[in-house]
Amino acid sequence: MAVAAEQTLNEVLSAFDFGAPVVGAIRYGEGHINDTFCVHTQPGEAPCRRFILQRMSAAAFKRPDQLMENIIGVTDYLGREIEKKGGDRAREALEVLRPKNGEPYYTDSQGGAWRLYPFVERTICYQSAQTPELFAASGRAFGRFQQLLRDYPADTLHETIPHFHDTEDRLAKFKAAVAADKLGRAAECRKEIEFVLAREADCSVALSAMREGRIPLRVTHNDTKLNNVLMDEKTGEGLCIIDLDTVMPGLAINDFGDSIRFGANHSAEDERDLSKVALDVGLFEAYTAAFLEGAGGSLTDEEIGLLPWGAKLMTLECGMRFLTDYLVGDEYFHISREGQNLDRARTQFKLVGDMEARWDELEAIVGRYRTK
Ligand code: ADP
Ligand code: GN1
Ligand code: MG
Numbered sequence: 305m306a307v308a309a310e311q312t313l314n315e316v317l318s319a320f321d322f323g324a325p326v327v328g329a330i331r332y333g334e335g336h337i338n339d340t341f342c343v344h345t346q347p348g349e350a351p352c353r354r355f356i357l358q359r360m361s362a363a364a365f366k367r368p369d370q371l372m373e374n375i376i377g378v379t380d381y382l383g384r385e386i387e388k389k390g391g392d393r394a395r396e397a398l399e400v401l402r403p404k405n406g407e408p409y410y411t412d413s414q415g416g417a418w419r420l421y422p423f424v425e426r427t428i429c430y431q432s433a434q435t436p437e438l439f440a441a442s443g444r445a446f447g448r449f450q451q452l453l454r455d456y457p458a459d460t461l462h463e464t465i466p467h468f469h470d471t472e473d474r475l476a477k478f479k480a481a482v483a484a485d486k487l488g489r490a491a492e493c494r495k496e497i498e499f500v501l502a503r504e505a506d507c508s509v510a511l512s513a514m515r516e517g518r519i520p521l522r523v524t525h526n527d528t529k530l531n532n533v534l535m536d537e538k539t540g541e542g543l544c545i546i547d548l549d550t551v552m553p554g555l556a557i558n559d560f561g562d563s564i565r566f567g568a569n570h571s572a573e574d575e576r577d578l579s580k581v582a583l584d585v586g587l588f589e590a591y592t593a594a595f596l597e598g599a600g601g602s603l604t605d606e607e608i609g610l611l612p613w614g615a616k617l618m619t620l621e622c623g624m625r626f627l628t629d630y631l632v633g634d635e636y637f638h639i640s641r642e643g644q645n646l647d648r649a650r651t652q653f654k655l656v657g658d659m660e661a662r663w664d665e666l667e668a669i670v671g672r673y674r675t676k
């Protein structure tokens, strides 16, 4: 278990140059993986500036050096592409700020790896899609992100988390956790375990399509939650895609699907009252149109046809991951209360059930965007 990030925070703050004295660093955001702080500087001749300082999760990322090589490569590339298109790279792309020692990130005395970004101001990070317009704006941004990285040299990217969206591998790890049941928690989640096991064959649908060459590997984000895009306060459009830890070769249908999983409903990911958790097909439709628009027509007919599968598989996979983590003792996803990962798994399975019940509607929606 890693030491609390606060333990080395002062050491880390003195390793970076913030351009003015630091007046505070507070925990920030609702990410499940990294330890994120917002750093404020003292206003003086220059106004107060804010930064995002993050300790990268040691449980998730075994090679912070490779992770940061990916992020620096991708943010530099995005910045150049955005500039070429007349955009504002300082707001539309993240920028890695190096520590005083010139390295891409700082390693503290306990082995923790920390990185720094400017805070992208005048943006809002939403935890739920309050309107179809907002959700559509996030979809355009994620579609565009993929489009911007279309020619990025994929073979230079490290696999920061091996088998990240390998649903078959996630299933195998889930089964191993159930078999080991090291904390004796399996008995209380029998129903959820059966739910997953009844969908074993589903876990191969996207991977088989890829193996058979029916859908291509592309450079994808792989973690397209609504709270991984900063929305412009003024225009309401998606401005800057963040959380680039998992940018790797992947499937476009998974980027689509992970957004649907998180955003196409009106409840929190850890909602305990499952009667509040339901797929909103209107949001699904709004996102579909916007994602395809943002991707600039680059998805193939086969990919479009498999979009509902992307949604179902990302939701099933995420539910399996939460449940696995619950069974092994909450080692990966941060929790703020006991049982939170089990609650998260339950919302995901409720959504999978809804998707199955409304499958024909989902297929009819994507059918309207197919080319033949
Ligand atoms: P995690 O992997 O833990 O989700 P993120 O990189 O997504 O970490 O950061 C967590 C949260 O911090 C985001 O959801 C967002 O609210 C905020 N955040 C991250 N980077 C920035 C930034 N450059 N500017 C403003 N807010 C940011
Ligand atoms: C994590 O990092 P964050 O909180 O944006 C996770 C995703 C899950 C998501 C579930 C690197 O996303 O894969 O879908 O939690 N990220 C990583 O909310 O594992
Ligand atoms: Mg995040």
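Numbering-wise, the sequence shown is residues 305 to 676 according to my numbering.
From the three backbone atoms N, C-alpha and C, an ideal C-beta is built for every residue, glycine too.
Cα separation between residue i and residue j?
i	j	result
LYS495	ASP485	15 Å
PRO612	HIS462	28 Å
PHE566	ILE330	26 Å
ARG395	GLU425	8 Å
ARG419	GLU504	39 Å
TYR332	GLU437	26 Å
LYS529	VAL585	17 Å
GLN652	PHE560	16 Å
ALA445	LEU453	12 Å
ALA483	LEU401	45 Å
THR340	GLY416	13 Å
GLY542	ALA441	5 Å
PHE355	GLU667	43 Å
GLY323	ARG641	38 Å
THR550	SER508	21 Å
HIS344	ALA397	21 Å
CYS352	LEU617	44 Å
TYR409	VAL327	22 Å
THR460	ASN526	17 Å
PHE439	ASP658	19 Å
ARG650	GLY390	45 Å
Helix, strand or coil: which one does DSSP assign to residue i?
i	result
PHE423	coil
GLN652	helix
ASP562	helix
PHE360	The question names Phe, yet the displayed sequence has Met at residue 360. In this structure, MET360 counts as coil in the three-state DSSP scheme.
THR464	coil
TYR410	strand
VAL581	coil
ARG443	One detail in the question is off: residue 443 reads as Gly in this sequence, not Arg. Helix at GLY443.
CYS544	strand
ILE519	coil
PHE588	helix
PHE330	A small correction: the amino acid at residue 330 is Ile; Phe does not occupy that position in the sequence shown. Strand, per DSSP.
Going by the C-beta, is residue i closer than 8 Å to any heavy atom of ligand 2?
i	result
PHE595	no
TYR630	no
PHE637	yes
CYS544	no
HIS525	no
ILE557	no
CYS429	no
ASP547	yes
Below 8 Å on the Cβ atoms is my contact criterion, and I expect residue i with residue j to pass it. Report the Cβ-Cβ distance as a whole number of Å.
i	j	result
HIS469	GLU635	The pair is not a contact, with the Cβ atoms about 19 Å apart (cut-off 8 Å).
LYS654	VAL581	5 Å
ASN569	LEU578	At roughly 11 Å, the Cβ-Cβ gap does not stay under 8 Å, so ASN569 and LEU578 are not in contact.
ASN531	TYR430	7 Å
Is residue i near ligand 3, judged by its Cβ being under 8 Å from some heavy atom?
i	result
ASN405	no
GLY567	no
GLY657	no
ASP536	no
ASN314	no
Answer yes or no: the CB of residue i versus the heavy atoms of ligand 1, is any distance below 8 Å?
i	result
SER563	no
ILE376	no
THR340	yes
THR411	no
What are the complete alpha helix (DSSP H) segments, minimum 4 residues, inside the segment 368-396?
368-388, 393-396
Report the start-end ranges of each beta strand (DSSP E) in the segment 479-507 that is 3 residues or longer and not cut off at the edges.
none
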